[in-house]
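**Q**
Numbering (my numbering), first residue to last: 1314 to 1384.
Pasting the structure below:
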């Protein structure tokens, strides 16, 4: 089957410094470092992923030729 040629990685709430804009995780971090109030949702739960860790994991998956569904 064609799907055997691919690796599917599902992520949510990727955070970390980028080149063009700040994301929610960085905004929260910077506010906390300045002892500012942080307002956020109380009814949402996610598993945050740091962008550099994700990038290293993706390189590892590609180099090891891993196939299938990765969570």
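Yeah, the Cβ is synthetic: ideal placement off N, Cα and C, and Gly gets one too. Source: prediction; values computed, not measured.
Check for me: the beta strand (DSSP E) holding residue 1322 runs from which residue to which?
**A** On the chain shown, residue 1322 is found 9 positions in, with the first residue counted as 1. Run containing residue 1322: 1320-1322, per the beta strand (DSSP E) assignment.
**Q** State the DSSP-derived secondary structure class of residue 1374, mapped to helix, strand or coil.
**A** Locating residue 1374 in the chain shown gives position 61, counting from the first residue. Residue state, collapsed to three classes: helix.
**Q** By the 10 Å Cβ neighbour count, where 16 or more other Cβ atoms means buried, how is residue 1328 classified, buried or exposed?
**A** By 1-based counting over the chain shown, the position of residue 1328 is 15. Counting Cβ neighbours within 10 Å, residue 1328 comes out buried, since at least 16 surround it.
**Q** By the three-class DSSP mapping on this structure, what secondary structure does residue 1381 have?
**A** Working through the chain shown from its first residue, we reach residue 1381 at position 68. Residue 1381 falls in the strand class under three-state DSSP.
**Q** What residue range is occupied by the uninterrupted alpha helix (DSSP H) comprising residue 1343?
**A** What you label residue 1343 is simply residue 30 of the chain shown in a count that begins at 1. 1337-1346 is the span of the alpha helix (DSSP H), which, as asked, contains residue 1343.
**Q** Inspect the beta-carbon positions of residue 1325 and residue 1360 and report whether they are closer than 8 Å.
**A** For this step, residue 1325 is matched to residue 12 along the chain shown. For this step, residue 1360 is matched to residue 47 along the chain shown. Closer than 8 Å, so yes.
**Q** To which residues of the same chain is residue 1320 closer than 7 Å at the C-beta, ignoring the five residues directly before and after it?
**A** Translated into the one-based positions of the chain shown, residue 1320 becomes position 7. Result list for residue 1320: 1374, 1379, 1380, 1381, 1383, in chain order.
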